[in-house]
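Residue numbers (the working numbering): 1 to 292.
A quick write-up on the structure given underneath.
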């Protein structure tokens with residue numbers, strides 16, 4: 001009887017209605033917080049700004065022609081270059097760190113090493129960015145060290161430059177590259193490496209032919225996680241770059257502050273399109289690798 005009652009309880013607790021009802025909260029969430037803002041940006045991008053800053057709905061697509069202005073193209077190019085450089089540097093720094101944590105570190109130390117990787121998240125991003133200002137300014141720690149070492153040309157103009165923005169972006173986005181790489185490398189089947197060694201492969205050959213290809217999903221995930229926030233960053237270039245290293249995120253922010261929502265929405269759509277294209281390319285490359 002107890003077994004029959006348990007079966008009745010399990011059967012009674014099973015949901016027999018249409019499946020879309022279970023997914024409706026998630027669909028509603030996506031509709032309100034993802035799809036609705038994008039639709040609003042599309043509508044605003046075809047609007048125009050009134051004399052008092054109000055949004056006047058129309059079918060004017062002049063803002064899309066404004067993006068072709070050399071000023072905006074130069075800022076967009078700088079944003080793509082800085083985001084690409086940030087992604088590349090993060091990959092070069094994160095891969096050895098993730099590989100060592102996943103494959104070489106003792107098991108008891110792995111949680112602590114991952115904790116160290118995400119430890120900066122425990123502090124406000126604004127405070128961490130201001131710390132870089134203290135490091136890079138003319139009287140900062142870096143220039144004081146250069147002066148103490150009698151480096152020619154010191155003190156250097158590090159702050160309010162592309163270098164400062166790049167350093168800030170790499171520092172902020174590096175954990176997002178380490179974590180997906182660690183997950184993939186930690187799950188790598190050790191038997192594949194043992195088979196490679198049994199067949200006479202050196203450690204470097206095994207890495208190039210087994211570890212590196214199998215870690216490609218983590219690499220692609222890290223590239224997406226780093227590139228997309230980097231290209232849309234506005235706080236780091238605003239504080240560390242100033243007017244000399246303005247990025248597209250700063251332009252979008254300024255347009256909305258100046259109550260020019262149509263142009264800000266247009267630039268936001270361009271940024272969204274770049275992010276979607278990158279994500280699509282990463283997914284396509286991952287699907288192609290799985291097919292092979």
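Ideal placement from N, C-alpha and C gives every residue a C-beta, glycine not left out.
For residue i: DSSP bridge partner residues
i, result
"residue 55", "49"
Beta-carbon proximity check, residue i vs residue j, cutoff 8 Å
i, j, result
"residue 210", "residue 278", "no"
"residue 95", "residue 181", "yes"
"residue 75", "residue 248", "yes"
"residue 263", "residue 129", "no"
"residue 44", "residue 273", "no"
"residue 143", "residue 154", "yes"
"residue 82", "residue 166", "yes"
"residue 374", "residue 48", "Only positions 1 to 292 of the chain appear in the structure, and residue 374 is not among them; the question remains open."
"residue 269", "residue 41", "yes"
"residue 230", "residue 169", "yes"
Contact set for residue i: own chain, Cβ-Cβ below 7 Å, skip 5 residues either direction
i, result
"residue 99", "185"
"residue 242", "160"
"residue 246", "75 and 237"
Span of the alpha helix (DSSP H) around residue i
i, result
"residue 215", "Per DSSP, residue 215 belongs to no alpha helix (DSSP H) and is neither H nor E."
"residue 70", "70–99"
"residue 110", "110–118"
"residue 172", "162–186"
"residue 194", "190–198"
"residue 121", "Segment: none, residue 121 is in no alpha helix (DSSP H) and carries neither H nor E."
"residue 249", "248–257"
Cutoff 6 Å; reference residue i; Cβ partners in own chain excluding five residues on either side
i, result
"residue 175", "117 and 118"
"residue 137", "159"
"residue 223", "87"
"residue 21", "none"
"residue 234", "249, 250 and 253"
"residue 218", "180, 181 and 184"
Nonlocal neighbours in the same chain, by C-beta distance under 8 Å from residue i, ignoring five residues either side
i, result
"residue 105", "113"
"residue 187", "none"
Buried versus exposed, by CB contacts within 10 Å (16 or more), residue i
i, result
"residue 250", "buried"
"residue 150", "exposed"
"residue 252", "buried"
"residue 145", "exposed"
"residue 295", "What is shown of the chain runs 1 to 292, which leaves residue 295 out entirely."
"residue 173", "buried"
"residue 258", "exposed"
"residue 79", "buried"
"residue 141", "exposed"
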